[in-house]
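A.B. asks: Below are the structure tokens for one structure; questions will follow.
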Amino acid sequence: MTFVGRPLSLAVVATILVLAAGTVGATVLYSAGVTEVGAQNEQLRAQNEQLRENLASARDRIETLENRVDSLRGRLSARNETLTEVRSERNDARDDLRSVCDQVRGENVSLPEECENVGSE
161 MTFVGRPLSL AVVATILVLA AGTVGATVLY SAGVTEVGAQ NEQLRAQNEQ
211 LRENLASARD RIETLENRVD SLRGRLSARN ETLTEVRSER NDARDDLRSV
261 CDQVRGENVS LPEECENVGS E
């Protein structure tokens, strides 16, 4: 019986050694994978942080530009109002000049230079 027991013990020992070597190999492989994933994770976190900073900067820039656009729109609106008022005053002055020129024409007096280009439109 000792003959049967020895090869059986050697087979068990060999199997245990193979399983232990496999376990060690799997552990080393897993550890290397975890280390690589950890490094990639850190790199992605740093990249994510940089992208967040870029996004915040871009949003600040957009807000600044929107404020500038609002300011310029306000100024443009004020200028348009002023332009409308000036045009109205110009048209009133033109109407007054036209009226005076028509009155002068009616009196058969020589027309002033200002009346040469004013028609009775």
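Each residue of the sequence shown is one higher than the one before, counting from 161 in the numbering used here.
All C-beta atoms, glycine included, are put in the ideal place defined by N, C-alpha and C.
Where does N208 sit, in a helix, a strand or coil, going by DSSP?
C.D. replies: Helix, per DSSP.
A.B. asks: In whole angstroms, give me the CA-to-CA distance for L236 and E245.
C.D. replies: When rounded, the distance between both Cα atoms is 14 Å.
A.B. asks: If you drop the 5 nearest sequence neighbours on each side, which residues of the same chain put their C-beta closer than 7 Å to that of L271?
C.D. replies: Within the same chain, L271 has close Cβ partners C261, V264, R265.
A.B. asks: Pop quiz: E274 and L257 are said to be a contact at Cβ under 8 Å. What is the actual Cβ separation, rounded to whole angstroms?
C.D. replies: Their Cβ separation, rounded to whole angstroms, is 6 Å, which keeps E274 and L257 in contact under 8 Å.
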